[in-house]
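Encoded as structure tokens, the structure appears first; notes follow it.
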Amino acid sequence: MKSRGERHIGLLNGFAAYGMWGLVPLFWPLLKPAGAAEILAHRMVWSLVFVAVALVFVRRWGWAGELLRQPRRLALITVAAAVITVNWGVYIWAVNSGHVVEASLGYFINPLVTIAMGVLLLKERLRPVQWTAVGVGATAVLVLTIGYGRPPWISLTLAFSFATYGLVKKKVNLGGVESLAAETAIQFLPALGYLLWLSSHGDLSFASEGPGHAALLASTGIVTALPLVCFGAAAIRVPLSTLGLLQYLAPVFQFLLGIFYFGEAMPPERWAGFALVWLALTLLTWDALRTARTLRREITRPSTTMTTGTVSAVRKAESLASGAEPPASPSARP
């Protein structure tokens, strides 16, 4: 049982982590004139540098040797690294191309995509309210397709890549900082090779826009890793259900920034689509919290024997309080 002070520290770290992820759209435009691909490559390279230094400081390297001796886990980490590349690259491009609102939608609909993938790939069974939420979410995508005049491909790419990442990470079961180190280690050589190629063609902004610009590009490692550290501090101090609710701070901040700071248009049909998504998420949250409370009451009855399956069901219901579990290692966050 965590003390009140520990829970308070956990909440502060949770707000810090999701707040930083929510405000990150303010950072990527500062890196112009670097293009999205160059920013992505720098993020991969400098994230590995930052995390490697952190791991040296805390002397936590035992996991690396164990991972290298497990080809299946290493293959899954490679898949996760590929999915992160897509997620990060699309998000950076979307923000710097004026699609912050559409990018935020990707993280709103991510829980719905996660549930749909659970049904299709893992043969999970949904409760009626969950089916309703998924149906409402699908209707929202249709409305937004009409509103945008095309499918909201940015949102769908971000949502599906993040859901796929979460699915892979559950199989790997590696901590957040260690996961980021392993994934960026795989990304490092291709990213460094791309930066060297840009330099050989005179297109590398890192070396041509002054020390301030170079420092900002190098700080992408800190921008990537620092929220992850705060998330880790929160995850061990507050319930997963609380983290599940906090995760919506990020897309809410992004959505508000897109409208009020970047001045993106929100015609009525887009408001209608977003309203349907929020309705679906409300249904998921209500259903998950109700289920968690019901299971808690059952296991606290004196005549009830607490089985492993029941305990797992309670934990799963708590972790799904927002409609989907917080990712085991959220390094794929924007």
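Letter 234 of the sequence shown, counting from 1, is numbered 233 in numbering that gives the first Met the number 0, and no numbers are missing. Note that CB positions come from ideal geometry on N, CA and C, so glycine has one too.
- Bounds of any alpha helix (DSSP H) do not take in V237, whose DSSP letter is neither H nor E.
- Closest by C-alpha distance to A81, out of G9, I114 and V167, is V167.
- When DSSP states are grouped into helix, strand and coil, F14 belongs to the helix group.
- If you draw a 10 Å sphere on the C-beta of G165, you find 16 or more other C-beta atoms in it, and that means buried.
- For M43, the enclosing alpha helix (DSSP H) stretches over residues A35 to V57.
- Around the C-beta of V50, 16 or more other C-beta atoms lie within 10 Å, and the residue is accordingly described as buried.
- In this structure, V171 places its C-beta atom within 7 Å of the C-beta atom of R72.
- Put simply, of L10, R149, R3 and V94 the residue whose alpha carbon is nearest the alpha carbon of G243 is L10.
- Close CB contacts of I38 within its chain, under the 6 Å cut and outside five residues either way in sequence, are with L30 and I91 (chain order).
- The beta carbon of A15 lies closer than 6 Å to those of C229 in the same chain, with the five residues before and after it left out.
- Taking the Cα of E65 as reference, the smallest distance to any Cα among P210, I235, A214 and A181 is reached at A181.
- Put simply, the stretch 240-259 touches the stretch 96-109. At least three CB pairs are less than 8 Å apart.
- Taking a cut-off of 8 Å on C-beta distances, the stretch 109-117 touches the stretch 155-164, as three or more cross pairs fall below it.
- Taken through DSSP and simplified to helix, strand or coil, R149 comes out as coil.
- The residue among L225, V237 and L248 with its C-alpha nearest the C-alpha of I8 is V237.
- Around the beta carbon of P333, 16 or more other beta carbons sit within 10 angstroms, so the residue counts as buried.
- Contact between the stretch 123-142 and the stretch 276-291 is present: three or more C-beta pairs spanning the two stretches fall below 8 Å.
- Y17 places its beta carbon 7 Å or farther from that of L227.
- Pairing L294 with A287, the inter-Cα distance amounts to about 11 Å.
- With 16 or more neighbouring CB atoms inside 10 Å of its own CB, L143 falls in the buried class.
- The shortest CA-to-CA distance from I83 to any of D202, S178 and A217 is the one to S178.
- Look at Q69 here: in three-state DSSP terms it is coil, with no helix or strand label.
- Rounded to whole angstroms, the separation of the alpha carbons of A35 and G88 is 7 Å.
- H41 sits buried, since 16 or more C-beta atoms from the chains shown fall within 10 Å of its C-beta.
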